[in-house]
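Colleague: Shown below is the structure under consideration.
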Amino acid sequence: MKNRKKACGFCIIDIDGTLFEEFKLVFNQIISEMFGKNRCIKVINRFFNIVNDLDFISNSMFMFKAVMVVYSIFSGQNYYNCLRIYEEKYCKLSKKYVEKAYNSYVVPIQEMGYSVLFITHDIYALKFNILGSRILVYTKKREDIPQELSKLDIDYIIGNNYMDDILAGKRLNVEYAAEGIDQAKIVYVGKSKLVKRLVSSDVKCLKNMQEVLDYIKDAT
């Protein structure tokens, strides 16, 4: 294959659940603070976490808002007020984790010569100032990423969701293959047995961002 990359290219990293590994912890803390005494919401949220841990279904803003609609109904609270409170708590609680992850993983990757872009469904992530203007918010990653990023020299696409990140990476590589360009390395970050059964050998499965960093170091 023709290699269009003259040096290190781009490293594309999903934010929630990948770079921001404590996302689930923060989400559950917020839900507990907002609706903790409601038994129905506790049961629904437990089920939601089980499904989310599969790392299979797309974690879109539509899904998040649908969950908040259900929680607001069961709690008798105003839906828009729930969104406002969630956003405030999320931005406040997430900041320290995102900054730590940036310094621990993103900075070393950049020092190796890669340019880093961050992908997400989460519009609240735009308030993570340390990530700057490199946050790309997509409604449908598996469609938007191949369409909008195929002209970039992407070396790695890193994420924790099969429908979002892995399929987006595979579709991106279809675009690369059609142009005779070296394909991006797809990295799944997580522990889902379902995803590990579904992915092919061209997807690298790692447990966390530290393993991702070590993997990139060894390959660079």
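In the working numbering, the protein residues as written are -12 to 207.
Glycine residues also receive a C-beta, built at the ideal position from the N, C-alpha and C atoms.
#1: Could you spell out where the beta strand (DSSP E) holding lysine 114 opens and where it closes?
#2: What would DSSP say about tyrosine 186, mapped onto helix, strand or coil?
#3: For serine 62, report the span of its alpha helix (DSSP H) as first-last.
#4: What span of residues does the beta strand (DSSP E) with lysine 172 cover, start to end?
#5: With distances taken from CA atoms, which of Glu74, Phe49, Asp109 is nearest glycine 4?
#6: For tyrosine 77, name the three-state secondary structure that DSSP assigns.
#7: Could you give the DSSP three-state label for leucine 6: helix, strand or coil?
#8: How big is the Cα-Cα spacing for tyrosine 143 and aspartate 151?
#9: For leucine 154, which residues in the same chain have their Cβ closer than 7 Å to its Cβ, ignoring the five residues on either side in sequence?
#10: Does the segment 81 to 100 come into contact with the segment 190 to 203, if we say contact requires no fewer than three beta-carbon pairs (one atom in each stretch) closer than 8 Å?
#11: So, helix, strand or coil for leucine 139, using DSSP?
#12: Enumerated in chain order, which unbroken segments of the alpha helix (DSSP H) with a length of 4 residues or greater are wholly contained in the segment 78 to 104?
Modeller: Let me lay it out:
#1: Annotation for lysine 114: no beta strand (DSSP E) segment contains it, and DSSP assigns it neither H nor E.
#2: Residue identity differs from the one stated: residue 186 is valine in this sequence, not tyrosine. Three-state result, valine 186: coil.
#3: 48 to 62 is the span of the alpha helix (DSSP H), which, as asked, contains serine 62.
#4: Start and end: 172 to 176.
#5: For glycine 4, the nearest C-alpha among the options comes from Asp109.
#6: Three-state result, tyrosine 77: helix.
#7: Under the three-state reduction of DSSP output, leucine 6 falls in the coil class, being neither helix nor strand.
#8: Tyrosine 143 and aspartate 151: Cα-Cα distance of roughly 15 Å.
#9: Cβ within range, chain order: Arg129.
#10: Output reads yes: the segment 190 to 203 touches the segment 81 to 100.
#11: Looking at leucine 139 - three-state DSSP - the assignment turns out to be coil, as it is neither helix nor strand.
#12: Entirely contained in the segment 78 to 104, the alpha helix (DSSP H) runs reaching 4 residues are, in chain order, 94 to 98.
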